[in-house]
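In terms of UniProt numbering, the sequence shown opens at residue 347 and continues consecutively.
Ideal Cβ positions, reconstructed from N, Cα and C, are used throughout, including at glycine.
Here the structure comes first, spelled out in structure tokens, and everything after it is commentary.
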Amino acid sequence: ARKIWMTRHGESEFNVAGIIGGDSSLSLRGEEYARQLPHLIMDRLPLTADDETIPISVWTSTLKRTIQTASLLPFPKLRWKALDEIHAGSCDGLTYQEIEARYPDEYAARGEDKLRYRYPAGESYQDVIQRLEPAIIELERERECVCIVGHQAILRAIMGYFTNTPLELIPNLPVPLHTLIELRPMPDGTMEVETLPLNI
Ligand code: F6P
Numbered sequence: 347a348r349k350i351w352m353t354r355h356g357e358s359e360f361n362v363a364g365i366i367g368g369d370s371s372l373s374l375r376g377e378e379y380a381r382q383l384p385h386l387i388m389d390r391l392p393l394t395a396d397d398e399t400i401p402i403s404v405w406t407s408t409l410k411r412t413i414q415t416a417s418l419l420p421f422p423k424l425r426w427k428a429l430d431e432i433h434a435g436s437c438d439g440l441t442y443q444e445i446e447a448r449y450p451d452e453y454a455a456r457g458e459d460k461l462r463y464r465y466p467a468g469e470s471y472q473d474v475i476q477r478l479e480p481a482i483i484e485l486e487r488e489r490e491c492v493c494i495v496g497h498q499a500i501l502r503a504i505m506g507y508f509t510n511t512p513l514e515l516i517p518n519l520p521v522p523l524h525t526l527i528e529l530r531p532m533p534d535g536t537m538e539v540e541t542l543p544l545n546i
């Protein structure tokens with residue numbers, strides 16, 4: 347793609363409560379981010395040689411929080427199941443403290459090997475990296491700009507792929523809320539990364 351923007355959804359109700367997974371709606375702060383996001387993108391549209399803007403497509407997951415965050419972006423949208431957040435299986439809907447108290451062995455195992463650890467009846471980062479493959483292939487084929495409104499684990503995996511990050515480091519890449527990440531393909535095949543935090 348000509349330029350790739352990536353952002354997590356705006357703050358969700360579950361983010362506020364510290365709960366992982368689920369399909370909650372945006373908090374008031376998250377809604378404010380959704381209102382500001384279009385301005386942030388508009389300021390960074392690349393132009394063609396004859397001053398025309400390059401078309402943009404917006405990719406979201408199938409979860410409410412990404413769809414709501416993208417709703418005010420005035421571009422065509424695509425919903426990808428492959429962009430849904432890492433599936434936490436039996437830990438979905440719990441806080442990290444609840445997981446530690448209820449399933450101490452699981453909690454410890456994840457701490458030891460976050461890349462390969464698979465939630466009971468859920469996914470590992472490795473699983474996520476694998477299921478993202480078709481989306482990444484499409485992203486590399488795409489000639490327009492793409493704005494991905496996604497989730498923490500998903501964007502870590504995509505970011506890791508484009509920056510050649512060693513697999514072991516992917517599960518801990520920093521991808522904060524309310525931050526736009528711009529990836530610009532360079533002539534040598536690498537990506538230039540710019541991080542634009544929004545104060546909300
Ligand atoms: O807390 C938000 C969230 O997107 C959860 O839904 C998800 O389980 C988690 O982040 C992924 O981050 P980590 O792999 O660090 O737990």
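Counting the other CB atoms within 10 Å of its CB gives Pro422 a total below 16, which places it among the exposed residues. In the same chain as Cys437, and ignoring 5 residues on each side of it, the C-beta atoms closer than 6 Å to its own belong to Ile445, Tyr465, in chain order. Rounded to the nearest whole angstrom, the CA to CA distance from Ala380 to Val404 is 13 Å. Within its own chain, the residues whose Cβ lies closer than 6 Å to the Cβ of Leu386, once the five positions on either side in sequence are excluded, are Leu526, listed in chain order. Gln476 counts as exposed, since fewer than 16 other C-beta atoms from the protein chains shown sit within 10 angstroms of its C-beta. Taking C-beta atoms as the reference points, Leu513 and Met352 fail to come closer than 7 Å. In the displayed model, Leu461 falls within coil according to three-state DSSP, outside both helix and strand. Counting only the Cα atoms, Ala454 lies some 32 Å from Pro480. Taking C-beta separations shorter than 8 Å and ignoring five residues to either side along the sequence, the partners of Leu515 in its chain run Gly506, following chain order.
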